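For reference, the structure is listed below as structure tokens.
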Amino acid sequence: VFYGYGKIPNGYWLSANLLDSFVRVAVPLFFMISGSLLLKSESIRLMCIGRRISKVLLPLIIWSIFYLWWVDSNTLGKIFNPVEWLQRFLIQPVMYHLWFVYVIVGLYILLPIFQVIFKACQTNVFFKWYFFVVWFFINSLSVYVPIPFLVPLQMTMVFGYGGYFILG
43 VFYGYGKIPN
53 GYWLSANLLD
63 SFVRVAVPLF
73 FMISGSLLLK
83 SESIRLMCIG
93 RRISKVLLPL
103 IIWSIFYLWW
113 VDSNTLGKIF
123 NPVEWLQRFL
133 IQPVMYHLWF
143 VYVIVGLYIL
153 LPIFQVIFKA
163 CQTNVFFKWY
173 FFVVWFFINS
183 LSVYVPIPFL
193 VPLQMTMVFG
203 YGGYFILG
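If you read the sequence shown in my numbering, its first letter stands for residue 43, the second for the next number, and so on.
Right, here's the structure in full:
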């Protein structure tokens, strides 16, 4: 309904737009809450990170296999090809809504780096403002004003969701 502007009654579109506006904040808030809970711990051990990644990676693999099977089973004459499935899994999320899990795995991998940045932000006010001004500039301004030299800096996991992670 949200993408049907002009094709559906205006009241339907306005209600869909209102609901969409309320729920858009959910992903940044989730990353902020996760960062708040994870970055405050004194030390992040590699075993802890590995355990967290395995808790997220196992369901991702299972659901990805299910969706790959489901999509391929609906395609007539498609033969099971495990190499193709592995490539599809590694290149991009198998289904659009699984992007979130890929980002979580990446954030867990980068957790020790984020913890160093978090501690630096706690102890140095200048660094805190510097980090957040640069993060805001790269992620917000570049959406409205195309700045070519910022394109390589827009690493979604590090500067996008990682900033929310530390901001929390």
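Cβ coordinates follow ideal geometry from the N, Cα and C atoms, glycine included. Model, not experiment: these values are computed from the prediction.
Residue i vs residue j beta-carbon contact at 8 Å
i    : j    : result
I107 : Y150 : no
S76  : F160 : no
K110 : W127 : Per the sequence shown, residue 110 should be read as Leu rather than Lys. Yes, Cβ-Cβ distance for L110 and W127 is below 8 Å.
C163 : F173 : yes
Contact belief for residue i with residue j at Cβ below 8 Å, rounded distance in angstroms
i    : j   : result
G223 : F73 : Because the chain is modelled from 43 through 210, residue 223 falls outside the range shown and cannot be assessed.
Q157 : L81 : 5 Å
Coil, strand or helix - residue i by DSSP
i    : result
I151 : helix
Q164 : helix
N123 : coil
V136 : coil
Y206 : helix
V67  : coil
G46  : coil
S96  : helix
R87  : coil
P190 : helix
P101 : helix
Nearest neighbour of residue i, chosen from the options [CA to CA]
i    : options               : result
F131 : L153, I104, P154      : I104
H139 : V43, L102, L183, F169 : L102
Classification of residue i by the beta-carbon crowding that lies within 10 angstroms, buried from 16 upward
i    : result
I133 : exposed
G204 : buried
I180 : buried
I146 : buried
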